[in-house]
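Inspection log for the structure reproduced underneath, given as structure tokens.
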Amino acid sequence: HQDCPQTKLPEVAFIGRSNVGKSSLVNMLTNRKNVAKVSKNPGKTQTINHYEITTGDGKWFLVDLPGYGFANAPEEARRQWAEFTRDYLLNRSNLLSVMLLIDSTVKPQRLDLECLEFLGEHSIPVTVVFTKVDKKRKIKAGKRARPEENVEMFCREVSEYWEEMPPMIFTSSKS
């Protein structure tokens, strides 16, 4: 995180698997179309991106972290991203909270559960943000993925090792 801005402003970091919708959510929250680069190809965000936000409560940074999991990148590049993301999460003193984005159109993913576990083990405050809750993705002929079922499954798995569920938010980058 030595390349991150040297600032005392509070930071809220967004993390999640590649293509979960981090950049789309950043754009929706900032009410801009192209603040964060959006791509159908996983792995578009390859660096830690800081967006300075000014609200009635003052200035803070929204931090868009590279996606984890599948990314069209060589193994070495993926390893480096994982390393600097981990370094950022563990050592950034002005990190207030992490927003862990989870794709509600797919069943619980091991990588997401591992990331949540990592944040919990290191006492990093986390909010689970379910994305794409308005989507009904086709899974088989005539059958559609039901985001609410996937959310329930995710909660059941998490409750096995968390005494108290982390806060949860349900989002759609469209609405």
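According to this note's numbering, the stretch in the sequence shown is residues -4 to 170, in order. Quick reminder that beta carbons are idealized off the backbone N, C-alpha and C, glycines included.
Beta-carbon separation (whole angstroms), residue i vs residue j, contact threshold 8 Å
| i | j | result |
| --- | --- | --- |
| Phe9 | Leu60 | 6 Å |
| Val121 | Pro161 | 5 Å |
| Asn89 | Glu6 | 5 Å |
| Ser99 | Thr126 | 6 Å |
| Ser168 | Leu20 | 6 Å |
| Met54 | Leu4 | With the sequence shown as reference, residue 54 is identified as Lys, and Met is not the correct amino acid for it. Contact flag correct, Cβ pair sits at about 6 Å. |
Beta-carbon proximity check, residue i vs residue j, cutoff 8 Å
| i | j | result |
| --- | --- | --- |
| Thr166 | Val124 | yes |
| Asp82 | Ile97 | no |
| Leu95 | Gly11 | yes |
Cβ-heavy atom distance, residue i to the ligand NAD, below 7 Å
| i | result |
| --- | --- |
| Glu147 | The ligand NAD is absent from the structure shown, which contains no ligands of any kind. |
Residue range of the unbroken alpha helix (DSSP H) whose run includes residue i
| i | result |
| --- | --- |
| Asn22 | 17 to 25 |
| Val146 | 142 to 154 |
Extent of the continuous beta strand (DSSP E) to which residue i belongs
| i | result |
| --- | --- |
| Asn44 | 44 to 50 |
| Glu6 | 6 to 11 |
| Gly53 | 53 to 59 |
| Met163 | 163 to 165 |
| Ser92 | 90 to 98 |
Reference residue i, options the options, closest by Cα
| i | options | result |
| --- | --- | --- |
| Leu114 | Thr50, Tyr156, Arg141, Glu70 | Tyr156 |
| Cys150 | Leu4, Pro103, Glu109, Asn89 | Pro103 |
| Asn44 | Gly62, Glu143, Thr50 | Gly62 |
| Val15 | Arg74, Asp52, Gln75, Lys130 | Lys130 |
| Val153 | Glu143, Thr2, Arg105 | Arg105 |
| Glu78 | Thr42, Ser18, Asn145, Pro142 | Thr42 |
| Leu24 | Arg87, Val93, Leu57, Ser13 | Leu57 |
| Val93 | Lys17, Asn22, Thr2, Gln1 | Lys17 |
| Asn22 | Pro142, Tyr46, Met148 | Tyr46 |
For this session: Could you tell me which uninterrupted beta strand (DSSP E) segments, each at least 3 residues in length, are contained entirely in the segment 103 to 135, listed from first to last along the chain?
Result: Considered as a whole, the segment 103 to 135 harbours 121 to 126, 133 to 135 as its complete beta strand (DSSP E) runs of no fewer than 3 residues, in chain order.
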